[in-house]
Each structure stands twice: as C-alpha cells, then as structure tokens.
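Below is one structure, written out as structure tokens; the observations come after it.
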Amino acid sequence: MSGRELTLIQAINAGLREAMRRDERVMLLGEDIGKNGGVFRATEGLLEEFGEDRVVDTPLAESGILGTSLGLAANGMRPVPEIQFMAFIYPGFEQVVSHIARIRMRSRGRYTAPLVVRVPYGGRNRAPELHSDSTETFFAHTPGLVVVSPSRPYDGKGLLLSAIESEDPVIFLEPMRLYRAYREEVPDDYYTVPLGRAEVVRAGHDVTLISWGSTMRDALKAAEQAEQEHGWSVEVIDLRTLSPWDEETVFASVIRTGRAVIAHEAFGHLGLGAELAARIGEECILDLEAPVARVASYDVPAPLFQLEDWYAPDAGRIVEGIHKVMTF
Amino acid sequence: MSGRELTLIQAINAGLREAMRRDERVMLLGEDIGKNGGVFRATEGLLEEFGEDRVVDTPLAESGILGTSLGLAANGMRPVPEIQFMAFIYPGFEQVVSHIARIRMRSRGRYTAPLVVRVPYGGRNRAPELHSDSTETFFAHTPGLVVVSPSRPYDGKGLLLSAIESEDPVIFLEPMRLYRAYREEVPDDYYTVPLGRAEVVRAGHDVTLISWGSTMRDALKAAEQAEQEHGWSVEVIDLRTLSPWDEETVFASVIRTGRAVIAHEAFGHLGLGAELAARIGEECILDLEAPVARVASYDVPAPLFQLEDWYAPDAGRIVEGIHKVMTF
Amino acid sequence: MDVSYVIHPAPAADEPKPSGMDDALLVHMYEQMVWVRQFDRRLVALQRSGRIGTYPPVEGHEACQVASALALRQQDWVFPTYRDTGAMLVRGVPMERLLLYWNGRAEGLYIPEGVKVFPIAVPIATQLPHAAGVAWAARLRGLDEVALAFFGDGASSEGDFHEALNFAGVFRLPIIFFCENNQYAISVPYARQTASETIAQKAQAYGLVGKRVDGSDAIAVYQAVREALAEARQGGGATLIEALTYRYGPHTTSDDPSKYRPKEEAEAWRERDPLLRHRRRLEGWGLWDEERQQALERRVNEGIVAAIRAMEAAPPPNPDDLFDHVYAELPPRLVRQRDELRARLAQREGAER
Amino acid sequence: MDVSYVIHPAPAADEPKPSGMDDALLVHMYEQMVWVRQFDRRLVALQRSGRIGTYPPVEGHEACQVASALALRQQDWVFPTYRDTGAMLVRGVPMERLLLYWNGRAEGLYIPEGVKVFPIAVPIATQLPHAAGVAWAARLRGLDEVALAFFGDGASSEGDFHEALNFAGVFRLPIIFFCENNQYAISVPYARQTASETIAQKAQAYGLVGKRVDGSDAIAVYQAVREALAEARQGGGATLIEALTYRYGPHTTSDDPSKYRPKEEAEAWRERDPLLRHRRRLEGWGLWDEERQQALERRVNEGIVAAIRAMEAAPPPNPDDLFDHVYAELPPRLVRQRDELRARLAQREGAER
Ligand SMILES: Cc1ncc(C[n+]2csc(CCOP(=O)(O)OP(=O)(O)O)c2C)c(N)n1
Ligand SMILES: Cc1ncc(C[n+]2csc(CCOP(=O)(O)OP(=O)(O)O)c2C)c(N)n1
Ligand SMILES: [Mg+2]
Ligand SMILES: [Mg+2]
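If you're matching them up, the sequences are chains A, B, C and D in order. Note that our numbering has the first sequence beginning at 116, numbered continuously upward. Note that our numbering has the second sequence beginning at 116, numbered continuously upward. Note that our numbering has the third sequence beginning at 16, numbered continuously upward. Note that our numbering has the fourth sequence beginning at 16, numbered continuously upward.
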C-alpha cells in the first residue's frame, strides 16, 4: 500500500475524503467547515469535491447541529458533525447525552445514530480562553457513546474510518496540539484501525504507562527519559478508545509489570484515570507493587495560555509519576 | 432547640423558608415553583409568603434559568434555581460548566456566583423515562462547583442552609426517592451542616462502606444485614458533599478497617466511586486487605421503571460487595 | 409573513361541508377521535388503580392530534411528545405498546417497522432538531417525506425550538412544526411563557410561514396541515402551525390543575370540545347518529380491553433488556455486567424456591 | 411591533448637528473611536510579531462599540464579546489588562471595581442570559441600572439568544440587546445564519421592540441606545438593536477572510468607515481639523506605548494563579496540588541555577 507523510490534521482530512468517496451517505456539517475548510483546515477541499449538500456550513448552533445530526442519521445519512472546540459541545450536551447516546435503547434498536462528532480538544496551543478543555469524562460516563482519541496520523485516519463505519455514535476527540506536530507515513488507501483496542506503542517490563490523545507524546518522552535517567523499562499503552476501553490489554500489561501510571490532560478528579486506576485496583491488586499513580491536570479550570504548561502534565511530571511507583 | 418530625422534602421546604426569612437576597426561580409549589412541593407556600419577585415561575428554559441565575448572583442576589429533574439540567450544561463554575476564576474574584441549583435526582420512583438520572460525575468533574447530596431530613435543611450561605455555586442533589421515605426530627430554627464534611453514620471496624444521597438507605440496610448474617462490623460513611469531598474522614476510616466498599446510584464507569477507589488506592494501599469494591448501577442508560430495581444497586448488591471484600 | 388566524369562537352547527374531504374521511376522523378519547381515559383509569405509571392525558387535544396525523401520508414522519398518544395511535403505534411504555416496560419502547413515528420526546423541545434532521435527510436523499413535530407552548421557550426552526428556515426543510398551544406548561400560563402575542408570529424570526388554527376544530387542523404539507413538498419549506387548545385534565396523573387554573376556564373550554363539535357537524350532514355512536364505542372498548389484556399478559421483564440496545454489539464490560445480573437473579430465584 | 430602519447609505457631508448632543460629546466620540482603532491595530501588530496570542480585531465596528458605550451611564452594565475591545476601553477597562488578557495572562482577567463590565464572553451568546440576570437583579433591588449586551449575527442562532430575549420579554427587564451584525460569523454569511430578513424583526418573537441602525454612524447608534436606555428606565423593558456593520479585517488573527469574502465587498464597506464619516461631520461643524487630529494621534500613541510597556514589564506568571480563584476558600485537595506545583517549580528553578 503506498502512502504519504502526513500530519494528523492531513490524515483526518484524508480520512474524511476516503469515507465520502466510498459511502455517499457520509456528509459533514458544522460551523465554517465548507467554504473556509474548517478553522483547523480539517475539511479543506471537501466542499469543492463533494458539493454543498454533503459539506454543509450550518448556523452557529451546536444543539441544532447535533440534534439534526441525529435526525439525519436516523433517516439514512452518516453525518460527521464538527464541533469547533470541545467547550462548544456543551450547548448541545443534552442532545448528546439524552438522545444520541440513547436513541438505540429508546427505540429498541429501531432507530440508531451512526454518526461521528469530531471535536478538537486539549490545550497547550496558545489558544484563547475556553478553547482548551479536555473533558472526555463527560462522554466516557455516558453509556451508548463510543469515545475515541487518536494520538498519531496513522490512527487519525484509521480510527476515523472505523468510527464512520460504526453503527454506534462516536465522539472523536482530536488533540489540537498534535494536529501539526509531526508527520508520519499514512497509507493512501482505505484502511481501518479497530475501535475498542488499545495499542502497546512501546514495550517494557518495569512499569506500564497508559495515556492517550494529547498527552501521548509527553508519555513517550517520559518513558525515554525514565529509561535513560534511571534505567527503568517503561511499557507505554496508547488507549485510543476511551470508552468502552480495552481492559484486556491494560490488565495484561499491568499484571506483567506490576506497576501502573496513567497520564492524561483531563482534570485528575474523575478523569478517566480514576476509572482505570479503580479497575486496575480491582483486577490486579495482587500483582501491584505500588499504588497506581495518576498524572493529570490540576483540578482547576483550564487557565489562560501562559499558565497552561504548569496546569497540564508534561513529560517531567509523568517521569515524577513513574518515579513514584518505581520507588514506592 | 425545638423541632418537628419532617420528611426530606418538608425539611427542604423549611430550609428555603428559613433562608428567605433571614436573607432578603435569597430568591427562588424555576418551572412550576410558584403557584404550583413545585412538582414535588418543595416550594409550597413560599410564593404566598414571599411574593412574586422572590418566588418566580420562569419560562421553560433551563439555560435561561441557569444563565440568568448567574447574572442575578453577580448583581447581588442569592438565587436558588430549581431544575425539575436531573436530566433537564443538560440543556443548561454550558451555563453551569463554562460560566457558573468559572465566573470567579474568569474575573479573578471580581464576580462570583453564590447560587444553589436544586436538582431532584435518582430513580426507583416509578417516574417516566429520563426522569431518573444520577449523573453527579458531570458536576463533580467540574472545578469551581460544590456538589452536595443530603440523604436525610436533618441534613436536607442543614446542608441547604450552608449551601445558600456559601460564596461558591452549589449543585444540590436531592434524592427524589427519599423525599417522603421517612420522617426525622428537624430543628425549627436556623442551623447549618457544614459543607465538605462526611459523616460517620454507623461505627464499625471490619469494613468501611461509603455512600450518599439516594443509595444511603440501602447502604445502611446492607450494613445491618452484613452484621446480622455474617457478623461483620460495617462502618458507614455518608459522604454528603460529593465535591470537594472529605478525604480525611474517608481515609481515616479505611485505614482503620482495612477494607472499603463504595455504593452509589450513578453508573459505575466514572461514577464518583472511581475517584474514591483511586484515591483510597493511592493513600491506603498498605492498609488495604482487599481491593476496594464498587457497587453501582450498570453502565447502561437508566431504564424504564420496571427494570430500575435491577439496574441500580440495592441492599442485596451492596451486601455482595461487602462479601467480596470480606472474603478476598 | 403570513400569519393567518382561523379561530372559530364556537361550533357552527350549519356549516357547509368542506371541499376536498370526502365523507369517509370526515367520519374516520371522528371515529379516531373517539378511539383516542376512550383509550386516553382508560390510561388515566389504569394509572389511578396503580396498573400503570404516571401518564399525561390527551383529553381536549384530540382534534390537534388526530386531524394532523390523518393529514399526513404513510411515508411522512411524526415526532410526538409524551402528550401525543392520540397521534401515535392514529399513526399505527399499537395500543399494547403504548400501555407497556406507560407501564414502565422496555418493550413499550419499540415502534413497529413501517410506522414512521419517533420515540416520545421527554426532554422538552429536543425532538424539533431531530425532526429537522429527518426532513433534511429526506431532501438530501430525494425522498418524498415530510416531518411533523408536535410540541407545546412551553416548548417554544427552549433553545432547541429556536435552533430547529432556524435550521428549517435556512435549509428550507420539508417540515411542519405543530404547536399544541394549550396555554399552560404544567402550571405556567402562556403569559409567563412569552411576551409574544402568538406562537405563530415567532415564524417571522426564521423566515417561515406562521399559521394559527382553532385546535378544537378537526377540519381546520386537517386543512392547515394539508396546506403545510403541500408547501413542504413543493420545496416551500417549513410551516409553523399554532393550534389553540386546552387540556381538560391534569398535566399528568400526578398533577392537580386546581392549584393553578380557574375552574371556569376549563369549563368554558369544554364547550368547545372537539369531539362534540365534529359529531354535531357529522350529524348535520347526515353522516352520524346515536346508533353508529354506540356501535363505535363498543368496538373501541373491545379493542382497548384486548390491548390491556395483552399488556397484562406480557411475560415478566427480562434483565437482558437493560443491556441489549446500548451498543450495536455488547462490549466486554457490559457482557460481564449482564452475566453478573443473570447469575444474581438465577440465584435469588433459586433461594426463593 | 416597531422595527425602525435608520440606514444612511452613505456619509452625509452637510448634515445638521443632532439635537441633544453637545459638541464635547461629538468630539469625544470621535476621539474614542480613534483611540480604539489605534489600539486595535496595535494589538494586531503585536500578535503578528508573536508578542500576544490570537486576537479578534475590531476595525469597522468602532461606531457600534464606542457610541453605544458612551450612551450608557456609569452605573450601567456592559457584556462584551471577544470583539468588543472598543467598548471595554471606553468603559474604562485599562489597556494594560486587555493586553495581558490577549497575551494569555491570568492578570488580564481582572476588571477593576467600579467598571461595570463583565468578563468577555467566549462561548457564543452565553452572555445574553447573564445580562438578563443582572438587569433582573437591578430591577428587584430597585437599582437604576441597565444592562447592554453585545453579540454578533452568528450569536442570534444560539439557543441562549432565544432564551435570554424571551426572559427579557416576560419579565420586562431593563436591558439592551445590541447586535453588531457584521454579516459574517467567521466565514458563514448572514443568509446561512438565518432566513429572517433582519435580526431586528426577531424582536417580535419576544414582544420586544426591534430597531435597525446604521452601525457605521456613531450618532445614529448613540441615539438608538439612548432611546432604548430611556425605555428601559421607564419600565418599558428591553430593546433589540441591530446595527449593520462590517469587520474590515479577519475574524481573528488566525483567520483568512479572502477564503470566504469577496474583496470588493470589504472595499465597499471601507467607504462607510465610521471614523471617516464622523470626522467629516465634525469638520463640517468646525469641531475638528488636521492639527487636532495629529495631536490626538500622538496622545493616543503615547498611551498605548505605555500600556504595552506595562504589559511587558509584568512580573512572570505566578503558579498560584491557577488555584487562587477556583473557590472562595481553597479546599485541601487543591492546597495539596498548589503546594506540589510550588515545590516542583522551586526544584526546577534550583536545578536550572
Ligand atoms: C428540558 C425539560 N425541562 C423540563 C421538563 C419537565 N416538564 C415536562 S412537561 C413540562 C411542561 C411542558 O409544557 P408544554 O410544552 O406547554 O406542553 P404540554 O405539557 O402543555 O402539552 C415540563 C416543564 C422536561 N420534560 N424537559
Ligand atoms: C458556543 C460557541 N460555538 C462556537 C464558537 C466558535 N466561534 C467563535 S466566534 C464565532 C463566530 C461568531 O460570529 P458572530 O456572532 O457573528 O460574531 P463576530 O465574530 O462576527 O463578531 C464562532 C463560531 C464559540 N466561541 N462558541
Ligand atoms: Mg402547554
Ligand atoms: Mg458576525
């Protein structure tokens, strides 16, 4: 399969294009996604290729976007709405939680919502206030939703295509900070990366480090650093699907290493790390040689950008977390 | 101090009345709270006593109710909005998460939101669909909010008065199922129960059982049952404030008993039990003689009422949880 | 901006027969209204005797629901609220399902294939964007389908009302927004809901056509919906219809309207009873008499009794229903939970034997 | 329903002086507009050279913002969006604070006591219910305060717009909803935002007065706001003002308007430049000349340079700022987190030495 070196945002753009070429039910809607190609250029060139009916600039109304997406999906389309920044999904929260997540249940399978809500998320991007939330918990705490976050270009395209194929509604969280951070070979053709499967992205035997999305690069850096500075062998897992997440891969690794660190950008308090730590505690307690450590943003509102680097975990803080479990 | 035997809903009504008598800035607003006295009668008689300006029937618009409440609070009032059922706070979620929780931070203390959002919550009430959510996680994951849930009449009044006194915005979750479940002596006068403090409601030494709000009665029943059937001595903690919660009381008990069970009505996945379990794992691991057990609703949408009793944890399931940690 | 007012203050006995509606339809309309009223009253009675849960009665709204449902075609969509039992019935949702639903049974959630009715909207106004989306999909797919969404006067205050009507205007969607303005949202009267003189005039904010119609007049409702349907099919976009009506009973079986509504008001509205009015017309046109009435009532009653029997004969709730429709495929965590519940119930059953 | 249209297609050179506005005010208005434009341009330049973060420019909106802010009294409230730097400035928010804010510094969030300006609304339309609440509190407390909330054409599509205007109508709140209709929401043109011919006519849906005004005409804006203010103070309730305007530059410094707007359109609007227009009038009335202009520009420039220096001389960010205003009193968990951060930073600093 031939490929090209793409950034994450280019990979997502390529994924959208592939999906739309393959399945004419797929349509995009959202604010500024058409003529403007999206504020991050995720939908660049798609209006030109697929026309106004399939790439739709909508009014500025998130509940309207999400609510009509449910209707579109229920009547045979495969909508891929874009929410401009994560905090702007909140005005449409009711549609997500009470309807999109529940329509299958509420109709005993008669109606479903095969749609993908694309949501740029996370900070450390020098963005304005309220443009850097990382509140995946809201969605991961909602049964009926699949929550996905790619951390690299290859997964960006492959997970997106799986999400669009899925019969379940998917909240697709794109780490803004990694949109243009680096390039990676991405196949030109259609391929999928399975939902619900974590990936061991670095093998190790002393400690398991679990992360995803916007924190993944810091996690890998921290793993390197821990190895170089302390000689600790760190296994790193990219969770990729945040709900329902891959217990099997996580537990197998932690049982092997006996130690776990979880790093994410969400607040610590009830961040997904809490669930992971609780489950690891339930399933692996006899194998654990130290308490599970969580490295997360502080439990304060995401700050203006000059404080961001202190607020969210960086490689240094993740190394501290590793240190803690290794020296317990 | 003289008192009367009141139900929880009567205690809340009494608390509102006390607060309004004492502080003329306190006002109530919401759907059907005036002439109708609230769909649960929480505000019965208050329109008559305090008039139309202080007990306000609003249009049917939760974002409007919550957003104007912020404005009212910022300009000198102490609004106590009522949301009719927990799921109906979602249309106003953005106002809660992006504004009410953050206004203090966003103005460096210049503006604040001393308001109390009263929210009947939980199920097992034979209520219609979507009338029984228990999604305290959404609020407990939001820094800047205080989340409170009383489980008995005495606390219903005392915590409510503390919440109204508080300079922070409080999400006040009232377990519908306990509104009329039983009576308890409630002082006639003004008194407060402190926010941020859990209460040990039953002393024990074998295992700590932590619960709150709508599950508290089941927890107490389970504790009795475990003692009677197995001779286990169960310490029971009523968490009362769900965020920020009382780590001190919880850890002290778990360190003493060496075992912990957490029971709540929210979904297990990222229910507050996850955070409690994770924190207990972090702080008490050397004292734990078994993994922390969580007893929660299944990770499925709250069902129609005939399935409710299987969905949410009852005393039987909590006893199972106790059994698990006692026989690990 | 066309806001037409079609309110007849009182039933007209000597009305000419409307053009474009044949006798069979005029009679059918009445029969359906009777069916709805009987069924509705029975649901209330069942609740009162503890055989189903809380229920929001229709009585007073029959013309709104029956006539608008009849004005649609098989392929058109209906988005009901909790109060639209009448419309659901007319559209073909089996009584048994409705009974199961209000009895808190998961089986009641199922709407048979081919019946284009969406699940009941419980959170107010949230169905309006769904309807807009369904109408939009129809347009995109070149299907001749129109969506009709019911909502109340209270619902007009929610943001979702605004967003849905705005989308309908911008994308010229084939949709009918049908407001059953019964002048109260639970206890809150219209004047507390909005300072707008009418709901219909809100259409102007979205470039839509707004119409007001007498919601006690089945024929007027039918005609208004037919016009809106024709408009939608011809690409004219959406219509907002405001039907003035009144619920004779409580908001739900848990509600006590005497706390907030003057008794005389309800009595005055009773005089405009949509069934009575339509019956008088039919009688005037020689299409109805007491004999037919009695036969109809018997037939309806039998149907209802059979449906109640079916509800009560339903097998006991199945624990798997908690899990079966959460995802297309049950994830491992939920498989574990389902199996745990199955095992627990089996054990409890064993213990009880 | 009063929707008045007050659009002057082009600047009138020989206009008579308006009654009820003295010379000092007419001049002050101009000076403030110049101040805003200079400051705005400087912010753009600072962003371009990497000295502040993303910034949404005002240029084109000066008359809307300056004239409406000047029409208010000290005790009235302003609810700005991210684009309302001009109004904030006029109301007394120090330039230094605005610079710090757009430079991502927590200190920029502070608005001095006595300046009745709310924090910038970032999520679209969310400020409208806040403003309604503040106006409501004023009425309840018997304070003679009116709230003015700015918003864009795009914001009119959000549910919060609807809910806020509806509350204002129902409770007759002393509030002015001021729409700066620049005809685009980022790239989305007005016709994609709503099928309503005007924003002003949306007032009808709420029983409010709607007015349309030429947003390039400072005097017209001032008068419209004064009228609305008088109305609000006399208990007449809320007014929706739609000011037609145009942003000459990009949506923010990260935006490229050439992707979605024809160049000629922008050029045509430039001819209606609010500053030019007001200056010509002043000159016609003998209130302004080139000399004054130069003196003003120097003065403004000095002020701006001083503010930039103050921003750049600000002490380094303080980690405690993350924690200090989350709750009235820092809970133990946050104390622990703050102390951990302090310790880490101290350690890192130590390591760097
Ligand atoms: C979002 C939301 N808020 C509140 C409620 C509670 N509630 C149920 S019905 C109702 C009144 C609805 O009034 P209206 O729209 O006029 O319809 P009607 O019941 O009169 O037919 C309310 C407030 C709800 N279901 N959803
Ligand atoms: C709820 C929400 N959705 C989306 C955005 C992203 N966004 C910022 S400005 C803007 C356009 C606003 O347009 P308009 O209201 O016309 O104001 P203008 O920028 O033209 O002054 C959008 C979509 C946001 N800030 N908040
Ligand atoms: Mg109503
Ligand atoms: Mg605009």
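Ideal placement from N, C-alpha and C gives every residue a C-beta, glycine not left out.
How long is the line joining the alpha carbons of residue i and residue j, rounded to whole angstroms?
i: S19 (chain C); j: Q238 (chain C); result: Because the pLDDT of S19 (chain C) is 40, which lies under 50, any placement of that residue in the model is unreliable, and the number read from its coordinates should be weighed accordingly. Approximately 13 Å between the Cα atoms of the pair.
i: S277 (chain A); j: L310 (chain A); result: 7 Å
i: V341 (chain C); j: N128 (chain A); result: 30 Å
i: M220 (chain A); j: L155 (chain C); result: 26 Å
i: R294 (chain C); j: P258 (chain A); result: 49 Å
i: G107 (chain D); j: V73 (chain D); result: 17 Å
i: H23 (chain C); j: D229 (chain C); result: Residue placement at H23 (chain C) is poorly supported in this model, since its pLDDT is 49, which falls under 50; the coordinates still yield a value, given next. For H23 (chain C) and D229 (chain C), the distance between alpha carbons rounds to 6 Å.
i: R307 (chain C); j: E298 (chain C); result: 11 Å
i: V263 (chain A); j: R295 (chain A); result: 19 Å
i: E122 (chain C); j: L163 (chain D); result: 52 Å
i: P277 (chain D); j: K150 (chain B); result: 56 Å
i: R445 (chain A); j: L104 (chain C); result: Shown here, chain A extends from 116 to 443; a query on residue 445 (chain A) therefore has no answer.
i: V93 (chain C); j: G251 (chain C); result: 19 Å
i: G174 (chain C); j: D333 (chain A); result: 40 Å
Closest to residue i by C-alpha separation, out of the options, would be which residue?
i: A242 (chain B); options: C:R120, C:L163, C:Y261; result: C:R120
i: A228 (chain A); options: A:P235, A:V212, A:L357; result: A:V212
i: L293 (chain B); options: B:A313, B:L123, B:R119; result: B:L123
i: L245 (chain B); options: B:V351, B:E120, B:D270, B:P416; result: B:P416
i: A235 (chain D); options: D:G129, D:A86, D:V59; result: D:A86
i: A405 (chain B); options: A:A405, A:I400, A:E404; result: A:I400
i: Q444 (chain A); options: A:R140, A:L161, A:E139; result: Look at the range of chain A in this structure, 116 to 443, and you will see that residue 444 (chain A) is not part of it.
i: E160 (chain C); options: C:E344, C:V149, C:D168, C:A200; result: C:V149
i: L58 (chain D); options: D:R359, D:L311, D:R98; result: D:R98
i: R88 (chain C); options: C:P31, C:H76, C:L158; result: C:L158
Quick test of your reading: residue i and residue j, contact by CB under 8 Å. State the CB separation rounded to the nearest angstrom.
i: G145 (chain A); j: T173 (chain A); result: 6 Å
i: A152 (chain D); j: L187 (chain B); result: 5 Å
i: L290 (chain D); j: R52 (chain D); result: 6 Å
i: G396 (chain B); j: A392 (chain A); result: 6 Å
Does the beta carbon of residue i fall short of 6 Å from some heavy atom of ligand 2?
i: Q3 (chain D); result: For residue 3 (chain D) there is no data in the structure shown, the boundaries of chain D being 16 and 368.
i: I201 (chain D); result: yes
i: L223 (chain D); result: no
Would the C-beta of residue i count as close to ligand 4, meaning under 6 Å from any of its heavy atoms?
i: G65 (chain C); result: no
i: N316 (chain D); result: no
Quick one: does the C-beta of residue i sit closer than 6 Å to a heavy atom of ligand 1?
i: L138 (chain C); result: The identity of residue 138 (chain C) in the sequence shown is Pro, whereas the question assumes Leu. The answer is yes for P138 (chain C).
i: A78 (chain C); result: no
Any chance the CB of residue i is under 6 Å from a heavy atom of ligand 6?
i: V81 (chain C); result: For ligand 6, the structure offers nothing, since it holds only ligand 1, ligand 2, ligand 3 and ligand 4.
Quick check: does the Cβ of residue i come within less than 6 Å of any heavy atom belonging to ligand 3?
i: D168 (chain C); result: yes
i: N181 (chain D); result: no
Residues within the segment 223-239 of chain B neighbouring chain D, beta-carbon criterion of under 8 Å
R223, G224, R225, Y226, T227
Members of the segment 173-190 of chain C near chain A, C-beta cut-off 7 Å
G174, D175, E178, A179, N181, F182, V185
Which residues, in order along the segment 211-222 of chain D, keep a beta-carbon less than 8 Å from a beta-carbon of chain C?
S211, E212, Q216, K217, Q219, A220, Y221, G222
To be precise: take each residue of the segment 188-214 of chain B, compare its Cβ to all Cβ atoms of chain A, and keep it if any distance is under 7 Å. Which residues remain?
A202, Y205, P206, F208, E209, V212, S213
What residues in the segment 114-126 of chain D have a beta carbon less than 8 Å from any beta carbon of chain B?
A121, E122, L124, Y125, I126
Just by C-beta distance, which residues in the segment 136-147 of chain A are closer than 8 Å to chain D?
E146, D147
Output, in sequence order along the chain, the residues in the segment 340-359 of chain A whose CB is closer than 7 Å to any CB in chain D.
none
Along the segment 321-352 of chain D, where does the CB come closer than 7 Å to a CB of chain B? Name the residues.
H340, V341, Y342, A343, P346, P347, R348
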